[in-house]
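Here the structure is laid out as structure tokens; the discussion comes afterwards.
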Amino acid sequence: MAQQTTITLVDDLDGGEADEQIEFTVDGRAYEIDLSTENAERLRESLAPYISAARRAASTYRAAGSGAASSSNGSSASDRAANRAVREWAIAQGMKISERGRIPTSVLEAYQNAH
């Protein structure tokens with residue numbers, strides 16, 4: 001018997017459907033938030049003046065050897081393939097994961113521990 005699992009991200013601000021997960025760091029604390037396209041745009045617009053005045057910090061996190069964490073500037077074909085493998089594995093394990101957007105750190109860690 002075939003099964004199909006549908007994962008729906010919920011916007012953490014308004015409870016509607018979210019389109020992406022955004023990660024950010026403030027005062028050394030990392031945060032994740034699921035947002036609709038509209039709310040994500042509002043967040044980016046509100047941060048734009050600060051981002052344009054800031055300098056880029058050295059990246060401190062990248063999933064070791066998995067290629068599953070990628071920058072918001074896009075990802076390579078190998079990153080997409082790695083992400084697809086992680087998502088397929090997570091679904092097979094019964095984990096809840098969206099079909100697109102950033103893969104939660106907990107899922108990446110579980111995948112890495114299993115492989």
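In our numbering, the protein residues as written are 1 to 115.
Glycine included, every Cβ here is placed at the ideal spot set by N, Cα and C.
Which of helix, strand or coil DSSP assigns to residue i
| i | result |
| --- | --- |
| R84 | helix |
| I97 | coil |
| L9 | coil |
| D27 | coil |
| R19 | According to the sequence provided, residue 19 is Asp. The question's Arg does not apply to it. Three-state result, D19: coil. |
| D14 | coil |
| I103 | coil |
| Q112 | helix |
Contact belief for residue i with residue j at Cβ below 8 Å, rounded distance in angstroms
| i | j | result |
| --- | --- | --- |
| G124 | L9 | In this structure the chain extends from 1 to 115, so residue 124 is not present and cannot be described. |
| I7 | I97 | 6 Å |
Span of the alpha helix (DSSP H), counted from its first residue to its last, around residue i
| i | result |
| --- | --- |
| I51 | 37–53 |
Beta-carbon gap between residue i and residue j smaller than 8 Å
| i | j | result |
| --- | --- | --- |
| E17 | S36 | yes |
| D19 | A40 | yes |
Identity of the residues DSSP links to residue i by a beta bridge
| i | result |
| --- | --- |
| D79 | In DSSP, D79 forms no bridge with anything. |
| I91 | I91 pairs with nothing; no bridge assigned. |
| E32 | E23 |
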